[in-house]
Amino acid sequence: MFFIKTQKVLFFFILIFFFSIQAFSAEKYDISTIHAKNLLNNMKHWTIIDARPKRLWSEVHLPGALTFNWEEYIRKDEFNIPFRLKQPEVIAKALGKFGINENSPVVIYGDADTSWGGEGWICWMLVWLGHKGPIRLLNGGITQWVDLKYPLTGKSLLQQQEVTSYKYQVREKVNISTIEIIKNPGKYHLIDTRSLLEWYRGHLPGAVHISWKKFYKGKNRTPITSKELKKLLLNKGIELNKPIVYYCTGGIRSSYSWLIHSIAGLPPAKNYEGGMAAWEKLSVKKY
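Position one of the sequence shown corresponds to residue 456 (the numbering used here), numbered consecutively onward.
Printed below as a string of structure tokens:
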């Protein structure tokens with residue numbers, strides 16, 4: 456009898472361990488930068504995504520790059536709040552049509568300007584969707600690629616890829632809801648990544664202002680280093696022992712800031728995807 460009970464207890468703990476490992480692996484994600492030369496030497500290994508507006512992609516883009524712009528994958532939600540992510544199954548289906556599955560190694564590039572840092576949004580969206588394969592931001596984007604005189608194409612060929620299935624598993628921890636912020640005052644460092652003018656017109660209570668443009672440097676808009684980011688945060692009184700939430704109007708610019716934060720290897724942060732658009736609709740008052 457004792458042996459049977461012991462077996463049951465052991466089996467119970469094995470189950471707990473198994474599901475804990477599964478949950479932990481679901482939370483992990485592989486995100487970093489890739490240098491242009493490394494991409495050039497191994498382009499066949501990667502699925503390349505152009506995050507700029509489609510019209511710019513149609514003019515010129517990296518060979519084999521797919522166009523995937525954030526503006527095509529947002530919606531107004533039931534509260535009439537704009538800039539909200541489309542449902543995960545919708546985005547997963549779109550990725551599958553491009554031949555991308557959850558294990559695909561992807562490189563995302565933009566120019567950190569014409570799309571409000573849309574390359575950051577795509578990186579964040581993939582992490583949120585539960586992407587398991589490596590996610591890389593092209594360091595310096597298309598501007599550095601052009602400067603290096605690496606190959607480009609202007610052919611706007613149909614994006615015919617072998618259709619696949621993208622199995623998503625949403626990582627809720629990289630997002631945060633308006634309700635969670637309201638119910639937990641003081642729990643998070645809130646960083647407003649919009650322009651100074653937008654900030655002065657109203658912001659979340661207790662937030663500090665750091666424009667998303669502070670997260671990159673130089674004419675090629677390369678991400679700031681981990682050391683530079685830590686200094687930037689500390690100068691604003693942001694300690695890393697308290698969780699950080701980045702926000703903007705609708706989660707686009709803030710997702711770029713979130714991306715640079717993640718690449719820097721700092722403690723996990725959140726992107727308030729609803730942003731000021733959601734806050735103004737759902738919160739009691741604006742500060």
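The C-beta atom is built at its ideal place from N, Cα and C for all residues, glycine as well.
- Taking C-beta separations shorter than 7 Å and ignoring five residues to either side along the sequence, the partners of asparagine 726 in its chain run Trp579, Val629, Asn630, Tyr701, Gly706, Ser709, Ser710, Trp713, following chain order.
- According to the DSSP assignment, histidine 644 belongs to no alpha helix (DSSP H) but to the beta strand (DSSP E) extending over 644–647.
- Within a 10 Å sphere around the beta-carbon of phenylalanine 523 sit 16 or more other beta-carbons, which makes this residue buried.
- Apart from sequence neighbours up to five positions away, the residues of its chain that approach threonine 608 with a beta-carbon distance below 6 Å are Pro518, ordered along the chain.
- For the pair tryptophan 600 and alanine 491, the CB atoms are nearer than the 8 Å cut-off.
- Contiguous beta strand (DSSP E) elements confined to the region 584–638 occur at 590–593, taking only those with 3 or more residues.
- If the five residues before and after lysine 622 are omitted, its C-beta is found closer than 6 Å to the C-beta atoms of Glu557, all from its own chain and listed in chain order.
- Counting only the Cα atoms, glycine 575 lies some 14 Å from alanine 724.
- DSSP places serine 712 inside the alpha helix (DSSP H), whose first and last residues are 708–718.
- Taking 8 Å as the cut-off, the Cβ atoms of threonine 680 and isoleucine 665 do not count as close.
- Counting only residues of its own chain and dropping the five nearest sequence neighbours on each side, cysteine 703 has a CB closer than 6 Å to the CB of Thr648, Arg649, Ser709, Gly730.
- In the DSSP assignment, asparagine 696 forms no beta bridge with any residue.
- For a cut-off of 8 Å, the C-beta gap from proline 678 to isoleucine 718 is around 6 Å, short enough to register as a contact.
- When DSSP states are grouped into helix, strand and coil, tyrosine 484 belongs to the coil group.
- In the DSSP secondary-structure assignment, asparagine 726 is bridged to Asn630, Tyr701.
- For valine 545, the enclosing alpha helix (DSSP H) has its first and last residue at 543–552.
- Boundaries of the alpha helix (DSSP H) harbouring tyrosine 655: 651–656, taken from the DSSP string.
- In this structure tyrosine 528 is not in contact with alanine 547, their Cβ atoms being roughly 11 Å apart against a cut-off of 8 Å.
- In the structure shown, arginine 510 adopts helical secondary structure according to DSSP, grouped into three states.
- For the options Pro698, Pro560, Leu659, the alpha carbon positioned closest to that of lysine 499 is the one of Pro560.
- Secondary structure of isoleucine 577 (DSSP, three-state): helix.
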